[in-house]
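The structure appears right after this line, and notes come after that.
In the UniProt record's numbering, the protein residues as written are 1 to 236.
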């Protein structure tokens, strides 16, 4: 196996269980069309004592196919902690992160990859032009992105939290990421802007969530806004 792949794809698998089997296979088939040098990092962090079977499933996937790497630790944080664990584990020159719940189109990974390979961007990401995830999720996103734009007008992002995101190794190694929760996407964009690194966004359709309820509750908007205000005025 290549210990220094061109492309690492980090999939956040929390509580995805059997769904991650088909999703990870589709990601692999796509990656094979992009490059001969890649790895897929499956982040299966778990809550101790829960009945979630994701850890067992992603470890089995990695045992059966060495193109997959599994990282499964007892959770010490929320989505941000999972993402940091996956990004720090990835060894590629280009590093892509995507949720494993199937809401983001897998083919958008290819669009991110081609754009960052052929043009001078440190980060390429999506924005959700069409959303099929319900009214309250749309409302949360609209409010959050509006507040973000007011507090950080220099970061011209249409949709801070959207994925996939693909980074150059140089950018990723210079990001200072401290958030363990949903704020990490905003932290990525703020850091990228502070470093003077150009980024690019393109539109996607965001699919309906199947198989479970969303982890993002309406109360999350207050957490988002509190973090934004803290980050803006504490000089982080």
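Beta carbons are placed, not taken as given, at the ideal position from N, Cα and C, and that holds for glycine.
Assuming residue 123 contacts residue 192 under a Cβ cut-off of 8 Å, what Cβ separation, rounded to an integer in Å, is found between them? The C-beta distance from residue 123 to residue 192 rounds to 5 Å, short enough to meet the 8 Å contact threshold.
Per-residue DSSP class, three states only, for residue 88: The answer is helix: DSSP assigns residue 88 an H, G or I state.
What residue range does the beta strand (DSSP E) around residue 35 cover? Run containing residue 35: none; DSSP gives neither H nor E here.
May I have the straight-line CA-CA distance separating residue 45 from residue 51, to the nearest angstrom? 13 Å
Buried/exposed call for residue 5, threshold 16 Cβ in 10 Å: buried
C-alpha distance - residue 14 paired with residue 73, whole-angstrom precision: 11 Å
Cα-Cα separation, residue 146 to residue 28: In a straight line, the C-alpha of residue 146 is about 36 Å away from that of residue 28.
With a 10 Å radius around its C-beta and 16 neighbouring C-beta atoms as the bar for buried, classify residue 113 as buried or exposed. buried
Give a yes or no on whether the C-beta atoms belonging to residue 86 and residue 10 are separated by under 9 Å. yes
Backbone secondary structure at residue 236 - three-state DSSP: Low confidence applies here, because residue 236 scores a pLDDT of 49, under 50, leaving its location unreliable; read the following figure in that light. Of the three classes helix, strand and coil, the one that applies to residue 236 here is coil, per DSSP.
Could you pull the DSSP bridge partners for residue 130 from this structure? Bridge partners of residue 130: 205.
Sequence-distant residues of its chain with Cβ nearer than 6 Å to residue 187 (five each side left out): 177, 179
To the nearest angstrom, how far is it from the Cα of residue 202 to the Cα of residue 158? In a straight line, the C-alpha of residue 202 is about 9 Å away from that of residue 158.
Residue 11 - DSSP class collapsed to helix/strand/coil: Strand.
Determine the contact status of residue 23 and residue 32, defining contact as a CB-CB distance below 9 Å. no
Drop a sphere of 10 angstroms on the beta-carbon of residue 101, count the other beta-carbons inside from all chains shown, and report buried for 16 or more, exposed for fewer. buried
Thinking residue 208 and residue 132 are a contact (beta carbons under 8 Å), I'd like their distance in whole angstroms, please. 4 Å
What are the boundary residues of the alpha helix (DSSP H) that includes residue 117? In this chain, the alpha helix (DSSP H) harbouring residue 117 covers 108-118.
What does the alpha-carbon distance come out to for the pair residue 70 and residue 47? 16 Å
Nearest to residue 245 (by Cα), restricted to the options 169, 127, 222, 36: Because the chain in this structure spans residues 1 to 236, residue 245 falls outside the shown range and cannot be described.
Which residue marks the beginning of the alpha helix (DSSP H) containing residue 152, and which one marks its end? Counting along the chain, residue 152 falls outside any alpha helix (DSSP H), and DSSP gives it neither H nor E.
Quick check: what's the CA-CA separation for residue 232 versus residue 200? 23 Å
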